[in-house]
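Asker: Dumping the structure here so I can ask a few things about it.
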């Protein structure tokens, strides 16, 4: 899901970002198996924002001072996202046909839901985040060029803040004035607003490694204050506290401020632990698992959709005592997705090494199955 070529200058993999990606991915999976009434569900609501910020950091780390062509980046990035996702979606719907046929159950998906899933809209759910990363990828080089044009982290952060404030005003305007045509409304609400909001977060990720610890804590603290102010404001407006999940689609300040606060705090803490315990030199089973998850986030995420769908739609009916248990559901879905991804990578790697077909199509197989 996120470009994984981030490495330290000495050639060693910087596992700080594997740790952050692992945290983000596990929080997303937990959200999908959890209950919105659970306090942990509210705490983890920074996961998507964390993943976008980290993707900005890794994009900048991989590009360095190189001038990256817009089209060359898209040729490398988009096929990896779209092809893998469409391949999984195709498998998901075909396998569902056979599974439901074996169980003598009616096929649960309409053609409209299938089309929406391939378009990364509603559909079966869970795929909207892929749309976010595709939109960000479309404008990644533009955001990086804006940063280079500003020639200063402070000026670039000020520009991002200005763009985001303008976005909030534009979003508020469109909510009070309905757009006349449905297609324009869809383009604005489903694409433009996501490009602007998550593009700003991607830009924050670009400058993040260059910021001092105090600056990171300052931005995190300001974000916390904004989040609390939003909470108090909506409490006085509505007479009760309201969850910031209501401000997620598309993202609003109440949702974004909390996400930035937690994401930067997580980065600060992980960075401190990384230095204190010299994690770059650690070689144990935990670090290997984290590195595997960090380098396999896309396929682990896709396979978790498979497991969570059948866990929630079949297991709850036949194994209600187990399927309704949050911890059991989380471990089954998470370990299942990781295990299948591991097997998939081992099998495809073996095909590439040992067969002529694999050697002749190694690049395609790597894009489809190994990223």
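In the numbering used here, the protein residues as written are 758 to 1128. For glycine and all other residues, C-beta sits at the position ideal for the given N, C-alpha and C.
Helix, strand or coil for residue 969? Go by DSSP, reduced to three states.
Answerer: Residue state, collapsed to three classes: coil.
Asker: When you compare each of 1040, 975, 1057, 993 to residue 1019 by their alpha carbons, which one comes out closest?
Answerer: The option with the nearest alpha carbon to residue 1019 is 975.
Asker: Could you name each continuous alpha helix (DSSP H) segment of 4 residues or more that falls completely within the segment 975–1036, going from the start of the chain to the end?
Answerer: Taking only runs of at least 4 residues, the alpha helix (DSSP H) segments lying wholly in the segment 975–1036 are 1010–1033.
Asker: Who are the Cβ neighbours of residue 872 in its own chain at under 6 Å, not counting the five residues just before and after it?
Answerer: Correct list: empty, nothing qualifies.
Asker: Is residue 802 helix, strand or coil by DSSP?
Answerer: Residue 802: coil per DSSP, three-state reduction.
Asker: Considering just the uninterrupted stretch of the alpha helix (DSSP H) at residue 1068, what are its terminal residues?
Answerer: Element bounds for residue 1068: n/a, residue is neither H nor E.
Asker: Whose C-beta lies closer than 7 Å to the C-beta of residue 782 among residues of the same chain, with five residues either side of it excluded?
Answerer: For residue 782, where only same-chain residues beyond five positions count, the Cβ hits under 7 Å are 1050, 1054, 1057, 1058.
Asker: Taking C-beta to C-beta, are residue 958 and residue 814 nearer than 7 Å?
Answerer: Against a cut-off of 7 Å, the Cβ pair of residue 814 and residue 958 comes out as no contact.
Asker: Assuming residue 955 and residue 893 make a contact with CB atoms under 8 Å, what is their CB distance in whole Å?
Answerer: Sure, about 5 Å apart at Cβ, within 8 Å.
Asker: Out of curiosity, what's the CA-to-CA distance linking residue 1007 and residue 1067?
Answerer: Their Cα atoms are separated by approximately 28 Å.
Asker: Within 10 Å of its beta-carbon, does residue 1096 have 16 or more other beta-carbons around it, so buried, or fewer, so exposed?
Answerer: Its Cβ having fewer than 16 others within 10 Å, residue 1096 is exposed.
Asker: Alpha carbon to alpha carbon, what distance is there between residue 1013 and residue 902?
Answerer: Straight-line Cα distance between these residues: approximately 24 Å.
Asker: Could you say which of 980, 1040, 1004 lies nearest to residue 991 if we only look at CA atoms?
Answerer: The option with the nearest alpha carbon to residue 991 is 1004.
Asker: So, residue 1086 versus residue 1060, is the Cβ gap smaller than 7 Å?
Answerer: No; because the gap between Cβ atoms is not below 7 Å, this pair is not in contact.
Asker: Pull up the distance between the alpha-carbon of residue 870 and that of residue 1109, whole angstroms please.
Answerer: If I take the Cα positions, the gap works out to 35 Å.
Asker: Relative to the C-alpha of residue 802, which residue among 1015, 1025, 925, 1113 is closest?
Answerer: Of the listed residues, the one whose Cα sits closest to residue 802 is 1015.
Asker: From residue 1010 to residue 863, what does the alpha carbon distance come to, in whole angstroms?
Answerer: Rounded to the nearest angstrom, the two C-alpha atoms are 42 Å apart.
Asker: Based on the DSSP output, what are the partners of residue 832 in its beta bridges?
Answerer: Beta-bridge pairing links residue 832 to no other residue.
Asker: Smallest Cα separation from residue 1131: which of 1040, 949, 799, 866?
Answerer: Here the chain comprises residues numbered 758 to 1128, so residue 1131 is not present and cannot be evaluated.
Asker: Given residue 787, which residues of its chain have a CB within under 8 Å of its CB, disregarding the five upstream and five downstream residues?
Answerer: Answer for residue 787: 797, 798, 801, 1087, listed in chain order.
Asker: Whose C-beta lies closer than 6 Å to the C-beta of residue 761 among residues of the same chain, with five residues either side of it excluded?
Answerer: Confidence is the limiting factor: at residue 761 the pLDDT is only 35, short of 50, which leaves the residue's position unreliable, though a coordinate-based value still follows. Excluding residues within five positions, the ones whose Cβ falls inside 6 Å are 1052.
Asker: Just curious, the alpha helix (DSSP H) that residue 945 is in, first and last residue?
Answerer: It is not in any alpha helix (DSSP H) - residue 945 carries neither H nor E in the DSSP assignment.
Asker: Could you tell me if residue 771 is buried or exposed, where buried requires 16 or more neighbouring beta carbons within 10 angstroms of its beta carbon?
Answerer: Buried, because 16 or more other Cβ atoms sit within 10 Å of the Cβ of residue 771.
Asker: Measuring CB atoms only, is the segment 832–841 touching the segment 1117–1128, in the sense that at least three cross pairs come out at less than 8 Å?
Answerer: Yes, the segment 832–841 is in contact with the segment 1117–1128.
Asker: Would you kindly work out how many angstroms separate the C-alpha atoms of residue 861 and residue 904, rounded to a whole number?
Answerer: In a straight line, the C-alpha of residue 861 is about 57 Å away from that of residue 904.
Asker: According to DSSP, is residue 778 helix, strand or coil?
Answerer: Helix.
Asker: Using the C-alpha atoms, what's the distance from residue 858 back to residue 758?
Answerer: Residue confidence for residue 758 is low, a pLDDT of 40 falling below 50, so the modelled location carries little weight and cannot support an answer.
Asker: Where does the unbroken alpha helix (DSSP H) through residue 934 begin, and where does it stop?
Answerer: Premise fails: residue 934 is in no alpha helix (DSSP H) and is neither H nor E.
Asker: Excluding the five sequence neighbours on either side, which residues of its own chain have a C-beta within less than 6 Å of the C-beta of residue 767, listed in chain order?
Answerer: Because residue 767 sits at a pLDDT of 36, beneath the cut-off of 50, its placement in the model cannot be relied upon, and the point is left open.
Asker: For residue 1105, I'd like the list of residues in its chain whose CB is within less than 7 Å of its CB, leaving aside the five on either flank, ordered along the chain.
Answerer: Excluding sequence neighbours, residue 1105 sits near 1122, 1126, 1127.
Asker: In this structure, how does DSSP classify residue 1128 when only helix, strand and coil are distinguished?
Answerer: Residue state, collapsed to three classes: coil.
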